[in-house]
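Everything on this sheet refers to the single structure shown next.
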Amino acid sequence: MADNNARRTYRAQTRGYRVEGNTVRSAAVEPVMVPVRSRQISEQARSNRERSLQMNLGYVIFLAVAAVLSVAICVNYLKLQANYTQLQKTGTSLEVQLSELRLENDAVYNRIISSVNLEHVKDVAMNKLGMVYSSEVQTVTYQETEPDYVRQYQDIPG
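Residue numbers (my numbering): 3 to 160.
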């Protein structure tokens, strides 16, 4: 029996680690689990619990309405997202069309500007219409009051 006592090991848990062996100073005493007797449940409480676990008509109607609303919201969201995507595509195509029209407008403007020959206009104005450059006597200078624009309310005195 002395051999059995020598072989007996004790366990102690200190600060998260375990010490085993017969040199442990104080063995940790494990609490004894005492079975707790369950209370007697009345028959009415038991029937209430069973009834609460079953689905009644009101609960089924509530779930059906919630499911229908969820599906309706999801369908509406998908429609709005498809509409948004379509509007984005339309906007992009309109931007492309605008840039093409601007390029075409610039090309027509440059063609018109290049078709006008200023030397020909000067020749027609001087030879056919009799226009001449102004002389020093005809030129009138004035002081600017506002540098941006000039308003002429009456003829300039000669």
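Heads up, the beta-carbon is just placed ideally off N, CA and C, and yes, glycines get one too.
Just so you know, these numbers come straight off a predicted model, no measurement behind them.
- Look at THR87 here: in three-state DSSP terms it is helix.
- In the three-state scheme derived from DSSP, where H, G and I count as helix and E and B as strand, TYR61 is classed as helix.
- GLN145 and ASP157 have their C-alpha atoms some 16 Å from each other.
- TYR79 carries a helical assignment under DSSP once its states are collapsed to helix, strand and coil.
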